[in-house]
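62 is the number of the first residue of the sequence shown in my numbering; add one for each residue after it.
Here is the structure we will look at, set down as structure tokens.
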Amino acid sequence: MDSMITIGVLQTGYPPENLKAQHGDYAAMIEQLLSCHEFDFKVWNVIDNSFPETVEACDGWIITGSRHSVNDAFPWIPKLEQLIRSSNASHAPMAGICFGHQIIAKALGGRVERNADGWTVGTQSYTFLNEDIDLNAWHGEHVVQLPAGSEVLGSSSTCRFAMVKFSPCAVGIQAHPEFRHDFVEGLIRERGRGVVPDELLHVAEDRLGMPLDQRKVADWLRDFYTAALSL
Numbered sequence: 062m063d064s065m066i067t068i069g070v071l072q073t074g075y076p077p078e079n080l081k082a083q084h085g086d087y088a089a090m091i092e093q094l095l096s097c098h099e100f101d102f103k104v105w106n107v108i109d110n111s112f113p114e115t116v117e118a119c120d121g122w123i124i125t126g127s128r129h130s131v132n133d134a135f136p137w138i139p140k141l142e143q144l145i146r147s148s149n150a151s152h153a154p155m156a157g158i159c160f161g162h163q164i165i166a167k168a169l170g171g172r173v174e175r176n177a178d179g180w181t182v183g184t185q186s187y188t189f190l191n192e193d194i195d196l197n198a199w200h201g202e203h204v205v206q207l208p209a210g211s212e213v214l215g216s217s218s219t220c221r222f223a224m225v226k227f228s229p230c231a232v233g234i235q236a237h238p239e240f241r242h243d244f245v246e247g248l249i250r251e252r253g254r255g256v257v258p259d260e261l262l263h264v265a266e267d268r269l270g271m272p273l274d275q276r277k278v279a280d281w282l283r284d285f286y287t288a289a290l291s292l
């Protein structure tokens, strides 16, 4: 495409206030992740029941992470699922990160459950498109059943469906490519203690500073939006 692509960020949660003051909200982190490419952004706080009027409001979409579960009974969750289905039917490209990954799977016919093995936090190693990459993660649930026709693009030792192409115009990634180490360090302090087992938090702290492959994911997302919009 010759013109700049406008991405609508569907924000499904907020960081702790003191981390938000330092790092911005999840939409800002996604904008930073994709700043190496030429995108415009618009933000809807769907967690506050703010939704775009139509899927044509932007060229493409991305759904953020959240501390909530896709199986929670909040009224904005089924509305978001309907938007996902409408986007997919309209062939509007949509990507999801963590919660976003899970809710795309659920909306299109998959299933999400608590991970019986517990939490995944901090830097994790993935095989993604036959390449080894490292990204930060923070989740206690995962996709256990994919929608029909999905293609697995990446996995890890603890996450079978870590990166998925759900359809030609819908993809998801369970990790948080937008999370830098300093933000994860803050999450350990603000949302980890007393929730995530201490031994997992200690491992996550030991991995702070490891090289991350954020640019590779940003390039993949750029290629996804460009290809999907040319269909």
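Ideal placement from N, C-alpha and C gives every residue a C-beta, glycine not left out.
- Within the DSSP bridge table, the entry for Y187 names I194 as partners.
- Considering only G247, S130, S151 and A198, the residue with the shortest C-alpha distance to A231 is S151.
- Within the same chain, and ignoring the five residues on either side of N110 in sequence, the residues whose Cβ sits closer than 6 Å to its Cβ are W137.
- No Cβ-Cβ contact shorter than 8 Å links H237 with C119.
- Under the three-state reduction of DSSP, E99 is assigned to coil, being neither helix nor strand.
- Burial is judged here by how many other beta carbons sit within 10 angstroms of a residue's own beta carbon; T115 has fewer than 16 and is exposed.
- Around the beta carbon of E239, 16 or more other beta carbons lie within 10 angstroms, which makes this residue buried.
- In this structure, Q163 sits away from V205, with a CB-CB distance that is not shorter than 8 Å.
- Within its own chain, the residues whose Cβ lies closer than 7 Å to the Cβ of V104, once the five positions on either side in sequence are excluded, are V70, Q72 and A88, listed in chain order.
- The beta strand (DSSP E) runs lying completely inside the region 114 to 155 and spanning 3 residues or more are 121 to 124, given in chain order.
- Scanning L214, Q185 and V107 for the CA closest to the CA of W199 turns up Q185.
- Check the Cα spacing between L290 and each of Q275, P229 and A168: the tightest is with P229.
- By the beta-carbon neighbour count (other beta carbons within 10 angstroms, threshold 16), Q235 is buried.
- Here DSSP, grouped into helix, strand and coil, assigns W180 to coil.
- Each residue's CA atom was taken as its position, placing N197 and G255 some 20 Å apart.
- Shown here for D274: same chain residues with a beta carbon closer than 7 Å to its own, the five before and five after excluded, namely I194, D195 and L196 in chain order.
- M224 is bridged by DSSP to G215 and I234.
- In terms of Cα proximity to T125, the closest of I165, D101, P258 and K140 is I165.
- In the structure shown, V256 adopts coil according to DSSP, grouped into three states.
- By alpha-carbon distance to G179, the top candidate from T188, G253, S211 and A153 is G253.
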